[in-house]
Amino acid sequence: MGEPITATWYDGRSARGRPVQATVEDGTLWLCDDEGQRHGLALGRVQWPERTRHGQRVAQLQDGGALAFADVAAFDAWWRAQGLRESWVVRAQQHWRATLAALAGLLLVGAAGYVWGVPWVAAGVVAATPATVEAAIGDTALEQLRAGLFQPTRTPPEVQARWRSQLEAALQQAYPEGPAPWQLHFAGGGRLGANAVALPGGHIVITDELLALLQGADDAVLGVLAHEHGHVRRRHGLHAVVRFGIVSAAASVALGDFSAIVAGVPALLAHLGYSRDAEREADADAAHVLRAAGRDPAAMVLLFERLAARSRSEGTDRGGLPIAFASHPADEERMRFFREAARSRR
Ligand SMILES: [Zn+2]
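Set out below in structure tokens:
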């Protein structure tokens, strides 16, 4: 049995990476997590990273997952010690052909971009992006925001649990086929104040200040969360990332190396915004979820009024996070939409 190495496992379903110990034994890659659970994958179903590549090593797993090794030197030594070199040569040749095919594909994508425009190409790139890549971008974005903008939350765990179960129940009613996977986080807003944001990979963050602002208006809180879940469900965050850097993103995704995108996340966060169409879609999802849960969509109008009153008294700086809720305040059209959604409620 070989030596274990520490890695982060993205299983392709959950947005969160899990720390694991990886070992190779009898033609199988074994991943052992903190709780001692073992997950085995035949070696033939693992695509090892190129050793010449910079940044962290990421192995692609054919079950849709990925395995990231932060310590490059340790990985290279471990990988050689497993005697995986033989198959490497064979794979390298196959990989070279795949790379050529990917480059040809990129030229086509580039040409299509000129002909049909970036949105159509972005949609294609988003559709082709594995959940693991989106998860890596989202995890990095959340870490960045925790380190640079958000403060530790003062919302008690039992209140957090109540909101998670309320959102879960409402989403189940709205989407009986199953809502898109999400995780709800709470944070002190810092410079962002009363706010909420959805990140790629299903992370939704709501600030203590927004909960305080909406004290007693539970329908409005649920509406904000449903709006953010709308961004998650429609992968708006990833759309924004891809449209921001269409060529480099397409190249990285096609070549299976997303370390370049992940490295660019801090800079991206200051510039990413959702389009008006994206906001309209997320608002429509919020109204749908509120109606399905028997709540009042008109509660969103109250939310917009309170946010507007607050930003008048505080000034309009929202800390430079354009994808956050309070960065795209309501206009008459959005307010009218929720008033009408309330009237058509059955
Ligand atoms: Zn939004």
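Counting from 333, one number per residue, gives the positions in the sequence shown under the working numbering.
Even for Gly, the Cβ is constructed at its ideal location relative to N, Cα and C.
In the DSSP assignment, L604 falls outside any beta strand (DSSP E) and carries neither an H nor an E. Taking 3 residues as the minimum length, the beta strand (DSSP E) runs contained wholly in the region 348-411 are 350-357, 360-365, 370-374, 389-393 and 398-401, in order along the chain. Boundaries of the beta strand (DSSP E) around A530: A528 to A530. Measuring C-alpha to C-alpha distances from L639 to each of E560, L542, L601 and A674 identifies L542 as the nearest. When the beta-carbon positions are compared, I655 and V573 stay at least 8 Å from each other. Sequence-distant partners of V597 (beyond 5 residues in either direction) whose C-beta falls short of 7 Å from its own C-beta, in its chain, are I469, T472, A473 and Q476.
Non-local C-beta neighbours of V352 in its own chain, meaning closer than 7 Å and more than five positions away in sequence, comprise A339, W341, L363, C364 and D365, ordered along the chain.
Around the beta carbon of D358, fewer than 16 other beta carbons lie within 10 angstroms, which makes this residue exposed.
Every beta strand (DSSP E) stretch that sits fully inside the region 475-554 and reaches 3 residues is listed by chain position as 515-519, 528-530 and 535-539. Between A558 and L622 the beta-carbon gap is near 6 Å, inside 8 Å, which marks them as a contact. Counting along the chain, no alpha helix (DSSP H) covers A658, and no H or E run does either. Listed as beta-bridge partners of I337 by DSSP are A354. If the five residues before and after H571 are omitted, its C-beta is found closer than 8 Å to the C-beta atoms of A454, A455, V458 and A610, all from its own chain and listed in chain order. Excluding five sequence positions before and after Q515, the CB atoms of its chain that fall closer than 8 Å to its own CB belong to A347, R348, G534, H535 and I536, given in chain order. By the Cβ test, the region 599-609 is not in contact with the region 484-498, since fewer than three Cβ pairs between them sit closer than 8 Å. Each residue's CA atom was taken as its position, placing A467 and P532 some 7 Å apart. According to the DSSP assignment, A674 belongs to the alpha helix (DSSP H) that extends over E664 to R675. Taking the CA atoms as reference points, R389 sits about 24 Å from E367. Take the alpha-carbon of M632 and the one of E613: they are about 15 Å apart. Taking 8 Å as the cut-off, the beta carbon of A406 is found no closer than this to the beta carbon of A398. Taking a contact as a CB-CB distance under 8 Å, the pair G525 and F482 does not count as one, their CB atoms being some 11 Å apart.
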